[in-house]
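Numbering (the working numbering), first residue to last: 7 to 104.
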């Protein structure tokens, strides 16, 4: 899915397309394309100590629709995405457009 403000979805789709058949869609098309996909891959912004994640606003409806349609969803993130602030109950800042 397209992602803003930094176009992470576009960059991830370009990289993954080297190895897999990949389609990039806008969130407004979720209901149309979810039935056609084999699985959903989401790159995570932050992983908290309880295993929950912080990500773009479109991730929740995408995950909900994927689950409702029997599609697997995979969350990808490097170890540097693990948020140590969550261990100390510190406020976690959310990325915003400039």
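Glycine included, each C-beta is placed from N, C-alpha and C at the ideal position.
Option in the options with minimal Cα separation from residue i
i: residue 47; options: 27, 86 and 88; result: 27
i: residue 52; options: 86, 13 and 7; result: 86
i: residue 67; options: 40, 11, 20 and 55; result: 40
i: residue 92; options: 60, 75, 72 and 38; result: 60
i: residue 90; options: 56, 17 and 81; result: 56
i: residue 73; options: 84, 88 and 43; result: 43
i: residue 8; options: 20, 30, 21 and 22; result: 30
Assigned exposure category for residue i - 16 Cβ within 10 Å defines buried
i: residue 63; result: exposed
i: residue 32; result: exposed
i: residue 34; result: exposed
i: residue 49; result: buried
i: residue 15; result: buried
Counterpart residues of residue i in DSSP-defined beta bridges
i: residue 52; result: 60
i: residue 88; result: 53
Where the beta strand (DSSP E) through residue i begins and ends
i: residue 80; result: 78-82
First through last residue of the alpha helix (DSSP H) which encompasses residue i
i: residue 38; result: 36-39
i: residue 74; result: 65-74
i: residue 42; result: Per DSSP, residue 42 belongs to no alpha helix (DSSP H) and is neither H nor E.
i: residue 27; result: That residue, residue 27, is in no alpha helix (DSSP H); it is neither H nor E in DSSP.
i: residue 20; result: 14-22
Assumed close pair residue i, residue j - CB separation to whole angstroms, cut-off 8 Å
i: residue 71; j: residue 36; result: 6 Å
i: residue 77; j: residue 45; result: 6 Å
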